[in-house]
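Chemist:
In my numbering, the protein residues as written are 8 to 104.
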């Protein structure tokens, strides 16, 4: 795994809306994040959306965001709200909650 606190590291907080629960979305998102060497978590929310927090090198974090917005995700993504900020560094690895 890449060091998520490196000089070019960023934090992505994304909220994914659509048919994204009960379709393997968290599992596949975790797999994609691990493939990219990111740290963070993905979690189902009570309103039916999914929250994604990912930290790591900017290029890999943006690749995850591109994937979230692509037709390659399970289910049907209607929209993704995202924001970038400084890394918090509290994650070790990537997990689904």
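Ideal Cβ placement from N, Cα and C applies to all residues, glycine included. Keep in mind that this is a model prediction, so the values were computed, not measured.
1) Rounded to a whole number of angstroms, what is the C-alpha to C-alpha distance between residue 26 and residue 82?
2) If I measure Cβ to Cβ from residue 91 and keep anything under 7 Å in the same chain, skipping five residues before and after, which residues do I get?
3) What does the Cβ neighbour count give for residue 34, buried or exposed, with the cut at 16 atoms within 10 Å?
4) Rounded to whole angstroms, what's the CA-CA distance from residue 79 to residue 50? Just pull it up for me.
5) According to DSSP, simplified to helix, strand and coil, what is residue 29?
Modeler: This is what the structure gives:
1) Position 19 of the chain shown holds residue 26. Position 75 of the chain shown holds residue 82. Their Cα atoms are separated by approximately 5 Å.
2) Position 84 of the chain shown, counted from the first residue, corresponds to residue 91. Excluding residues within five positions, the ones whose Cβ falls inside 7 Å are 17, 18 and 19.
3) The residue you call residue 34 lines up with position 27 of the chain shown. Taking all protein chains shown into account, residue 34 has fewer than 16 neighbouring C-beta atoms within 10 Å of its C-beta and is therefore exposed.
4) Taking the chain shown and counting its residues from 1, the one referred to as residue 79 is at position 72. Taking the chain shown and counting its residues from 1, the one referred to as residue 50 is at position 43. The straight-line gap from Cα to Cα measures roughly 19 Å.
5) Start at 1 with the first residue of the chain shown, and residue 29 comes out as number 22. Of the three classes helix, strand and coil, the one that applies to residue 29 here is coil, per DSSP.
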